[in-house]
């Protein structure tokens with residue numbers, strides 16, 4: 002195997018962030034103790050919202066995330082004024098029965114305010130009811146007062162109404178608190194109107210919202226999903242900490258189980274009969290409705306529908322008034338199909354669409370009827386985020402990986418596919434937020450050794466001013482090793498990205514043990530030229546203790562286009578392991594590596610990969626597997642079947658990729674970790690694996706964290722876990 006090394010040089014860093022190594026050593030307390038930890042990341046700022054083309058909202062925060070100011074900022078000059086009077090709002094909230102002073106303070110300083118379209122009012126939830134605070138008049142108006150919690154609330158495009166879900170039914174109320182209308186009446190524990198279940202939220206629409214309704218642009222109608230949970234099997238989770246155990250049940254379809262039945266409706270916002278957009282054509286495929294939006298004229302609903310195993314996707318235009326439907330396009334690949342963001346409409350009725358049909362995610366221009374589909378961006382790289390299109394200047398703005406797969410940069414290109422320009426220059430990761438007219442953008446930037454800073458740029462990529470430099474000078478006091486980025490080729494020539502952190506005071510004449518961190522999941526790279534926060538500092542602490550830290554992205558995790566992920570199809574873990582072995586083979590060939598002491602570690606998919614590697618390979622001497630899937634039959638249907646098909650259609654694939662079925666072949670020392678109320682990857686996975694290891698006579702270590710779900714988040718338990726991991730790593734590398 003050949004290797005091409007790309008050392009991270011000063012040229013890759015911001016001038017203000019050149020690494021100067023001090024002599025302090027990191028401790029677990031420095032990184033993870035809630036009372037003693039050091040603000041290594043400074044106080045990274047986020048949550049910026051454009052108010053208009055010249056002003057943005059900034060919720061200024063401390064290093065701990067506490068909001069200290071709600072600012073309206075003039076973008077070009079930096080002039081700041083209070084966005085709204087937080088003291089006044091707090092005083093009004095305090096008058097509501099049952100609200101404490103601490104609660105009122107928190108409510109009056111929201112981290113992410115829900116602004117109305119004109120950005121002159123915000124929507125608040127106080128004691129399960131909705132309130133509207135007018136920034137101009139400083140009035141707080143109660144919108145709801147019925148029993149039950151109002152969920153997934155949002156303004157209509159004209160700002161005159163608010164839609165929300167109560168007890169699984171969809172409602173609308175005027176912003177003056179009058180004329181509440183109940184739009185559906187059949188909601189309940191197992192019939193969800195306008196609200197996603199766990200499966201759809203986790204695997205299709207994304208974490209952070211359970212919203213399953215969409216206003217029409219003219220504010221007259223609402224499209225919504227109805228999910229029927231009755232066919233879905235329940236899973237039970239037990240909290241053992243209370244004296245009388247608390248039992249939680251959730252609808253959770255495992256691979257091959259029945260999914261919720263999905264239906265799509267449109268209902269008048271003023272109330273009245275709902276109309277169903279029928280899915281009869283796809284019922285035999287057990288369909289998933291993976292995206293919903295409206296045409297600009299509010300006459301049609303567009304939805305993306307897939308078969309259960311996600312082997313194809315269709316974009317459909319449906320007229321709720323007539324019931325007519327038309328297929329605009331159909332996506333098909335050699336493996337699975339990923340949904341696209343909603344269409345971005347152009348003035349002539351055509352729209353922009355993201356597709357992986359050529360193996361890489363690129364922008365296409367599609368005519369209204371789908372007859373003409375023209376590729377705009379192209380090449381062996383990905384479009385990651387679509388920011389918008391300036392139809393007057395005929396320019397598309399987006400973020401992607403054209404420069405490097407381990408970085409993210411901001412680009413623009415002409416609608417005809419010519420004149421691709423990279424607007425961000427500093428090597429690293431750029432996250433852009435554009436103003437409405439796409440004339441300015443806020444850039445949150447970091448690289449592997451530099452915490453995020455925030456700057457303002459013009460549409461041409463010219464720096465207007467630095468908004469927040471966030472210089473974390475404390476880093477200079479510590480003895481930190483400069484990471485190296487490398488490319489290592491697999492046996493068949495694929496260039497894998499890798500990152501190497503050598504021990505502080507590295508001596509090439511010595512032999513060093515290795516800690517390898519992995520995730521390995523499809524299209525989810527771990528090697529990134531971006532600030533890694535506490536995890537990065539944990540890795541630096543290991544390097545200070547004489548351990549080489551090795552992160553190597555297998556091809557299917559590389560982010561180098563869908564084509565690189567497709568080899569995982571029907572055999573999760575197989576290609577990944579082969580690639581990780583190739584990377585480690587190269588590392589072990591270095592004269593300064595002790596190849597007999599290599600600890601592999603990962604969480605979630607990385608926990609699966611660690612468990613799989615230690616039961617299917619002898620290259621690692623130890624492993625830490627956290628939150629692991631140990632048999633894909635135990636994980637949820639949508640994620641698993643996307644890559645593995647159903648167990649019925651791929652029984653052999655499920656059998657050969659289950660670590661628990663290879664428990665007798667465990668090689669090396671294994672530490673299993675799991676949150677005891679994990680509702681994502683159930684603790685059942687680790688318990689079954691442990692049981693099979695016991696029956697096979699294989700020794701291992703196990704740590705369970707009560708009251709923790711898929712991530713251990715309690716600060717005291719996080720510190721305990723990291724100390725546990727650190728001690729295990731030291732024992733197995735000494």
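In the working numbering, the protein residues as written are 2 to 735.
All C-beta atoms in this analysis are idealised placements derived from N, C-alpha and C, irrespective of residue type, glycine included.
None of the values given here were measured: they were computed from a predicted structure.
| Asked | Found |
| --- | --- |
| Could you spell out where the alpha helix (DSSP H) holding residue 614 opens and where it closes? | 606 to 617 |
| Quick one: Cα of residue 172 to Cα of residue 223, how far? | 10 Å |
| Would you grab the beta carbon distance between residue 373 and residue 385 for me? Rounded to a whole angstrom, and I think it's under 8 Å. | With 8 Å as the limit, residue 373 and residue 385 do not qualify as a contact, their Cβ atoms being about 26 Å apart. |
| May I ask which residues mark the beginning and end of the alpha helix (DSSP H) holding residue 564? | 563 to 566 |
| Could you check what DSSP says for residue 539 in three-state terms: helix, strand or coil? | helix |
| Identify the residues that DSSP records as bridge partners of residue 736: which are they? | With the chain represented from 2 up to 735, any question about residue 736 goes unanswered, as that position is not in the structure. |
| How many whole angstroms separate the CB atoms of residue 178 and residue 142, which I take to be in contact at a CB cut-off of 8 Å? | 5 Å |
| Out of 555, 667, 643, 105, which has the shortest C-alpha to C-alpha gap to residue 694? | 667 |
| Would you decide whether residue 378 is buried or exposed? Buried here means 16 or more other CB atoms lie within 10 Å of its CB. | buried |
| Determine the extent of the beta strand (DSSP E) in which residue 143 is found, giving its start and end residues. | 140 to 143 |
| Could you have a look at residue 130 and say whether DSSP puts it in helix, strand or coil? | strand |
| Does DSSP put residue 283 in a helix, a strand or coil? | helix |
| Measuring only between beta-carbons, confirm whether residue 553 sits less than 8 Å from chain B. | Looking at the structure shown, chain B is missing, and only one protein chain is on hand. |
| Only counting the same chain, and skipping five residues up and downstream in sequence, which positions put a Cβ closer than 6 Å to that of residue 215? | 224, 293 |
| Roughly how many angstroms separate the alpha carbons of residue 539 and residue 42, rounded to a whole number? | 13 Å |
| Inspect the CB distances between the region 480 to 498 and the region 715 to 733 and report whether three or more fall short of 8 Å. | no |
| Which class does residue 697 belong to by DSSP, given the choice of helix, strand or coil? | coil |
| Ends of the alpha helix (DSSP H) at residue 570? | Element bounds for residue 570: n/a, residue is neither H nor E. |
| Just the C-alpha distance for residue 1 and residue 406, rounded to the nearest angstrom, thanks. | A query on residue 1 cannot be resolved here, the shown segment of the chain reaching from 2 to 735 and no further. |
| Just to confirm, are residue 163 and residue 174 a CB contact at a threshold of 8 Å? | yes |
| Does DSSP classify residue 505 as helix, strand or coil? | coil |
| Apart from the five residues on each side of it in sequence, which residues of its chain come closer than 6 Å, Cβ to Cβ, to residue 310? | 642, 646 |
| Of the residues 201, 159, 145, which one's Cα is nearest the Cα of residue 183? | 145 |
| Let me check understanding here. Comparing Cα to Cα, which of 291, 369, 355 lies closest to residue 400? | 355 |
| Count the other CB atoms within 10 Å of the CB of residue 744; is the residue buried (16 or more) or exposed (fewer)? | Because residue 744 is not part of the residues shown, which for the chain are 2 to 735, the question remains open. |
| Just reading off the beta strand (DSSP E) that residue 719 is part of, what are its end residues? | Careful: residue 719 lies outside any beta strand (DSSP E), inside the alpha helix (DSSP H) at 716 to 732. |
| What would DSSP say about residue 254, mapped onto helix, strand or coil? | coil |
| Ignoring anything shorter than 3 residues, give me the beta strand (DSSP E) runs that lie fully in the region 386 to 461, in order along the chain. | 396 to 401, 410 to 415, 430 to 435, 441 to 448, 451 to 459 |
| If you run the structure through DSSP and keep just helix, strand and coil, what is residue 500? | strand |
| Considering only their Cβ atoms, is the gap separating residue 588 from residue 621 smaller than 8 Å? | no |
| The alpha helix (DSSP H) spanning residue 62 covers which residue range? | Residue 62 -> not in any alpha helix (DSSP H); beta strand (DSSP E) instead, spanning 56 to 62. |
| Between the region 22 to 31 and the region 45 to 56, can you find at least three pairs of beta-carbon atoms closer than 8 Å? | no |
| How should residue 383 be labelled, buried or exposed, when 16 other C-beta atoms within 10 angstroms of its C-beta is the threshold for buried? | buried |
| Roughly how many whole angstroms lie between the Cα atoms of residue 340 and residue 291? | 7 Å |
| Out of 657, 436, 661, 638, point me to the one whose CA is closest to residue 697's CA. | 661 |
| Within a Cβ cutoff of 8 Å, which residues of the same chain sit near residue 208, ignoring the five residues on either side of it in sequence? | 202 |
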